[in-house]
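Peer 1: Counting along the sequence shown from 1, when you hit position 53 you're at 53 in our numbering, and nothing is skipped either side. Next up is a structure, given as structure tokens.
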Amino acid sequence: MSLWVRETSFYKNFFRLTLLIALQNIITLGVNLSDNLMLGGYSQSALSGVALANQIQFILQMLVMGAAEGLVILSSRSWGAKNLESVKKAASIGMRIALLVSVVMWIIVFVFPEGCMSLFTNEHGVIQEGAKYLRIICFSYVFFAITNVLLASLRSVEIVRIGFIVSLSTLIINVCLNYVLIYGHFGLPRMGVSGSATATLAARIIETVIVIIFIKRFDRRLMLKLKDFFQVDKELFRQYLRIGSPILMANALWACAMGAQSAILGHMGESAIAANSVATTVFQLVTVITYASASATAVVIGKTIGEGHVSKIITYSKTMQMLYLCIGLATGLVLFITKDYVTGLYTISEEAKALAVQFMTVLSITVVGTAYQMPALTGIVRSGGDTKFVLYNDFIFMWLVVLPASAICAFVFDLSPLLTFICLKCDQILKCFVALVKVNRFKWIRTFNTDSKTLDSTENIAT
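Have a look at this one:
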């Protein structure tokens, strides 16, 4: 069987989705980059405090995205079967879960900001700066949840341009308000991290309003209404729990693991915190295509199964794996070439700059593994219906291998931040071997009834 799909429509659809989602992601990350650059010019403690505070935002993001991914898997199949009613019901379920998570996170962070920060570092100045940021930014959590569930609902029916528009508006608003509020321009007080948090909160509120206006006035495909979020299909809810709960758990474990990684580096000094913030932000920026390819894969695979064309999945998945490797090699090259230029944009210590360059050198190698295994597992395997495998795989690698080994490196053997960082990122290469075997055995394809359309049998599909 050929490694490459011969259908022009496949490539057109895959790259259209990938590029539009990537544009949305790159602008969204531009918001974090603008925060980093402006706070990096304000003070290193402010940069480090906000970097660690954003680990809590990352936990929320992963949980909300977990709710959204379960929604996309169900909805894209319903979209393939032209069953829009099921898409709306899935959106209702995803919204309820995302709102519950965001409200709980808001309460915890608002009541215990210093306690949350102390989980990541014992640097007093960093804790104080991060707590100032958290007291304001926590009010954006609910708006973030609403926006992302609505965008996921639209993405599942292949409406992706609005995500780009929303992200662009957020970037413009955030950059302008950051400039005014962080440094106190145009007669306003110099607010520092509080100004950054206020700018981001305002941008989150406005982006939610934009999405709601788009759905109400311009969307002619899905046509969601407020009443749709008050209906719950019990059977679909049970299917959502079977499919979505492993995703939520996997994302929660992954988010906590990322927080634990930051905590390990956070206890190695302020320079390590700042270097990790710079390296991670740049890494996220150059890997937008990788993460977008996973999102595009979920829609393509889900829709194809929903249309009843399960037999096409083998060729699709083989082609996608080759595309992932090409993306990874290109991304690694870009990261390696730009690493020295990027650090010059930050007002941080020479020690932090040197560490950031070392961290980015490591990431330029491991990103090739990330670009392959992440979309292969979360895009192909998960959207194919085997959502539990990613949960088990992440738990074993992260919690039984990477974190214990990294903690031993940092706290027992007192190794350098660079060696500890290498240990933290080694799973990105190791997971490739698992992904290669798992994807190409084709035992991950699941057909479940989200509509009345009859699907191809999965019996002997790999033969």
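Each residue gets a CB set at the ideal place from its N, CA and C atoms; glycine is no exception. For clarity, every value in this text was computed on a predicted model and none was experimentally measured.
1) At the level of alpha carbons, what is the spacing between residue 330 and residue 323?
2) Look at the alpha carbon of residue 108 and the alpha carbon of residue 442, and state the distance between them as a whole number of angstroms.
3) Give me whichever residues DSSP pairs with residue 515 in a beta bridge.
4) Would residue 89 pass as a contact of residue 236 if the rule is Cβ separation under 8 Å?
5) In this structure, how does DSSP classify residue 231 when only helix, strand and coil are distinguished?
6) Would DSSP call residue 399 helix, strand or coil?
7) At 4 residues or longer, and completely inside the stretch 232–289: list those alpha helix (DSSP H) runs for me, N to C.
8) In terms of alpha-carbon separation, which member of 394, 433, 385, 308 lies closest to residue 80?
9) Could you give the C-beta distance for residue 397 and residue 431, rounded to a whole number, given that I count them as a contact under 8 Å?
10) With the cut-off set at 8 Å, would you say residue 59 and residue 259 are in Cβ contact?
11) Quick one: what does DSSP say residue 189 is sitting in, helix, strand or coil?
12) Say whether the stretch 187–197 touches the stretch 234–252, bearing in mind that this needs 3 or more beta-carbon pairs closer than 8 Å, one atom from each stretch.
13) From 180, 178, 405, 316, pick the residue whose C-alpha is nearest to that of residue 14; which is it?
14) Could you tell me the distance, in whole angstroms, from the CA atom of residue 346 to the CA atom of residue 9?
15) Take residue 349 as the anchor and find which of 174, 245, 270, 73 has the nearest alpha-carbon.
16) Reducing DSSP to helix, strand and coil, say where residue 159 ends up.
17) If you count every other CB in all the chains shown that lies within 10 Å of the CB of residue 85, and 16 or more means buried, which is it?
18) Can the beta-carbon of residue 71 be found less than 8 Å from the beta-carbon of residue 149?
19) List the endpoints of the continuous alpha helix (DSSP H) containing residue 478.
20) Using CA coordinates, which residue listed in 171, 139, 194 is at the minimum distance from residue 181?
21) In three-state DSSP terms, what is residue 14?
22) Exposed or buried, which one is residue 220 when buried takes at least 16 other CB atoms within 10 Å?
23) Rounded to whole angstroms, what is the Cα-Cα separation between residue 212 and residue 121?
24) Would you kindly report the start and end of the unbroken alpha helix (DSSP H) that includes residue 102?
25) Whose C-beta lies closer than 6 Å to the C-beta of residue 147 among residues of the same chain, with five residues either side of it excluded?
26) Between residue 278 and residue 332, is the Cβ-Cβ spacing less than 8 Å?
27) Which class does residue 318 belong to by DSSP, given the choice of helix, strand or coil?
28) Is residue 394 helix, strand or coil when you go by DSSP?
29) Taking 8 Å as the cut-off, does the stretch 349–358 touch the stretch 388–406 (at least 3 CB pairs, one atom from each stretch)?
30) Does any heavy atom of the ligand GDP sit closer than 7 Å to the C-beta of residue 325?
31) For residue 304, name the three-state secondary structure that DSSP assigns.
32) Tell me which residue opens and which closes the alpha helix (DSSP H) that residue 120 is part of.
33) With the cut-off set at 8 Å, would you say residue 362 and residue 421 are in Cβ contact?
34) Going along the chain, which residues of its own chain have a beta-carbon closer than 6 Å to the beta-carbon of residue 474, five neighbours each way excluded?
35) Check whether the stretch 293–311 touches the stretch 386–397, taking contact to mean three or more Cβ pairs, one atom from each stretch, closer than 8 Å.
Peer 2: This is what the structure holds:
1) Translated into positions along the sequence shown, residue 330 becomes position 330. Translated into positions along the sequence shown, residue 323 becomes position 323. Roughly 11 Å between the two C-alpha positions.
2) Locating residue 108 in the sequence shown gives position 108, where the first residue counts as 1. Locating residue 442 in the sequence shown gives position 442, where the first residue counts as 1. About 42 Å.
3) Beyond the ends of the chain as shown, which are 1 and 463, falls residue 515; an answer cannot be given.
4) For the purposes of this step, residue 89 is identified with residue 89 of the sequence shown, where counting begins at 1. For the purposes of this step, residue 236 is identified with residue 236 of the sequence shown, where counting begins at 1. Yes, they are a contact pair.
5) Along the sequence shown, one-based indexing puts residue 231 at 231. Residue 231 falls in the coil class under three-state DSSP.
6) As a first step, residue 399 is located in the sequence shown; it is residue number 399 there, counting from the start. Three-state result, residue 399: helix.
7) 234–266, 270–286
8) What you label residue 80 is simply residue 80 of the sequence shown in a count that begins at 1. Taking only the C-alpha atoms, the option nearest residue 80 is 308.
9) On the sequence shown, residue 397 is found 397 positions in, with the first residue counted as 1. On the sequence shown, residue 431 is found 431 positions in, with the first residue counted as 1. Rounded, the Cβ-Cβ distance is 6 Å, consistent with contact.
10) Along the sequence shown, read from residue 1 onward, the residue named residue 59 stands at position 59. Along the sequence shown, read from residue 1 onward, the residue named residue 259 stands at position 259. Yes, Cβ-Cβ distance for residue 59 and residue 259 is below 8 Å.
11) Within the sequence shown, the letter at position 189 stands for residue 189. Reduced to three states, the DSSP call for residue 189 is coil.
12) no
13) Numbered from 1 along the sequence shown, position 14 holds the residue referred to as residue 14. Considering only alpha carbons, the answer is 316.
14) Numbered from 1 along the sequence shown, position 346 holds the residue referred to as residue 346. Numbered from 1 along the sequence shown, position 9 holds the residue referred to as residue 9. Residue 346 and residue 9 have their alpha carbons spaced roughly 44 Å apart.
15) Within the sequence shown, the letter at position 349 stands for residue 349. Comparing Cα positions, the closest option is 270.
16) On the sequence shown, residue 159 is found 159 positions in, with the first residue counted as 1. Three-state DSSP puts residue 159 in coil, outside helix and strand.
17) Mapped onto the sequence shown, residue 85 falls at position 85. By the 10 Å Cβ count, residue 85 comes out exposed.
18) Numbered from its first residue, the sequence shown carries residue 71 at position 71. Numbered from its first residue, the sequence shown carries residue 149 at position 149. Cβ atoms of residue 71 and residue 149: closer than 8 Å.
19) Outside the shown range of the chain (1 to 463) lies residue 478, about which nothing can therefore be said.
20) Numbered from 1 along the sequence shown, position 181 holds the residue referred to as residue 181. That would be 194, whose Cα lies nearest to the Cα of residue 181.
21) On the sequence shown, position 14 is the one that residue 14 refers to. In the structure shown, residue 14 sits in a helix (DSSP, three-state: H, G or I).
22) Within the sequence shown, the letter at position 220 stands for residue 220. Exposed is the call here.
23) Locating residue 212 in the sequence shown gives position 212, where the first residue counts as 1. Locating residue 121 in the sequence shown gives position 121, where the first residue counts as 1. CA-CA distance, residue 212 to residue 121, rounds to 39 Å.
24) Looking up residue 102 in the sequence shown gives position 102. Where residue 102 is concerned, the enclosing alpha helix (DSSP H) stretches over 84–111.
25) What you label residue 147 is simply residue 147 of the sequence shown in a count that begins at 1. Excluding residues within five positions, the ones whose Cβ falls inside 6 Å are 207, 208, 211.
26) On the sequence shown, residue 278 is found 278 positions in, with the first residue counted as 1. On the sequence shown, residue 332 is found 332 positions in, with the first residue counted as 1. No. Outside cutoff.
27) Translated into the one-based positions of the sequence shown, residue 318 becomes position 318. Residue 318 falls in the helix class under three-state DSSP.
28) Within the sequence shown, numbered from 1, the residue matching residue 394 stands at position 394. In the structure shown, residue 394 sits in a helix (DSSP, three-state: H, G or I).
29) no
30) The model on display carries no ligand, and the ligand GDP is accordingly not part of it.
31) Residue numbering aside, residue 304 sits at position 304 when the sequence shown is read from its first letter. Helix, per DSSP.
32) Residue 120 sits at position 120 when you count from the first residue of the sequence shown. No alpha helix (DSSP H) holds residue 120; DSSP gives it neither H nor E.
33) Here residue 362 refers to the residue found at position 362 when the sequence shown is read from its first residue. Here residue 421 refers to the residue found at position 421 when the sequence shown is read from its first residue. Yes, the Cβ-Cβ distance between residue 362 and residue 421 is below 8 Å.
34) The displayed coordinates of the chain run from 1 to 463. Any statement about residue 474 would go beyond what the structure contains.
35) no
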